[in-house]
Amino acid sequence: MHAPLAVAVFGTPVVAVMVLAPAQVLHLVGPGFEIAATALVILGVGQLVYCLLPCQEIVLAMAGHGGVLRWLTLAQTVVCGALCVLLIPPFGMIGAAIATAVFAAQLAIGASLMVRRLMPQAF
């Protein structure tokens with residue numbers, strides 16, 4: 267399984283830059299975007315989880331476990347929708363970033379757990 271290692275090796279440094287220097291990254295977009303630095307850090311944490319546990323949903327789909335993947339995606343969508351409704355009104359951009367980070371991390375974690383459970387020989 268070289269793809270997950272490649273995603274981790276090449277994705278983690280990009281995420282590290284986003285998390286360690288968010289204002290500078292956002293300034294590349296344009297002046298005034300630095301206000302979203304905290305949101306970018308939160309989004310970076312969600313992407314870091316996804317970088318460290320990549321491609322597991324593809325493994326489920328290719329191994330004939332599309333039904334499991336469907337349920338994981340449905341759960342992910344429901345949780346994201348609920349978090350958006352609960353977090354965006356009181357917290358705005360930060361609430362949206364939290365919901366999106368959880369959305370990214372939830373599928374990676376759920377798919378990894380299901381791959382370990384359904385296909386232990388893959389590890």
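Per the numbering used here, numbering through the sequence shown is continuous, rising by one, with the last residue being 389.
Backbone N, C-alpha and C fix where the C-beta goes; we use that ideal spot for every residue, glycine too.
For residue j and residue i, the rounded distance between their alpha carbons
i, j, result
"Ala363", "Leu309", "6 Å"
"Cys321", "Ser378", "9 Å"
"Pro297", "Gly376", "38 Å"
"Ala289", "Glu300", "5 Å"
"Gly332", "Val351", "28 Å"
"Ala287", "His268", "29 Å"
"Ala272", "Val344", "30 Å"
"Phe276", "Glu323", "19 Å"
"Thr278", "Met359", "24 Å"
"Leu314", "Pro356", "26 Å"
"Ala329", "Pro270", "16 Å"
"Leu319", "Ala327", "16 Å"
CB contact flag (residue i, residue j, <7 Å)
i, j, result
"Gly361", "Ile354", "yes"
"Cys317", "Ala274", "yes"
"Leu292", "Ala302", "yes"
"Gln342", "Leu384", "no"
Burial state of residue i (16 or more Cβ within 10 Å)
i, result
"Leu349", "buried"
"Met380", "buried"
"Gln387", "exposed"
"Val325", "buried"
"Leu294", "exposed"
- Task: Kindly confirm or deny that the region 276-288 and the region 333-347 touch, where touching means at least three C-beta pairs closer than 8 Å.
- Result: No, the region 276-288 is not in contact with the region 333-347.
- Meets three-Cβ-pair contact criterion under 8 Å: the region 365-372 and the region 297-314: yes
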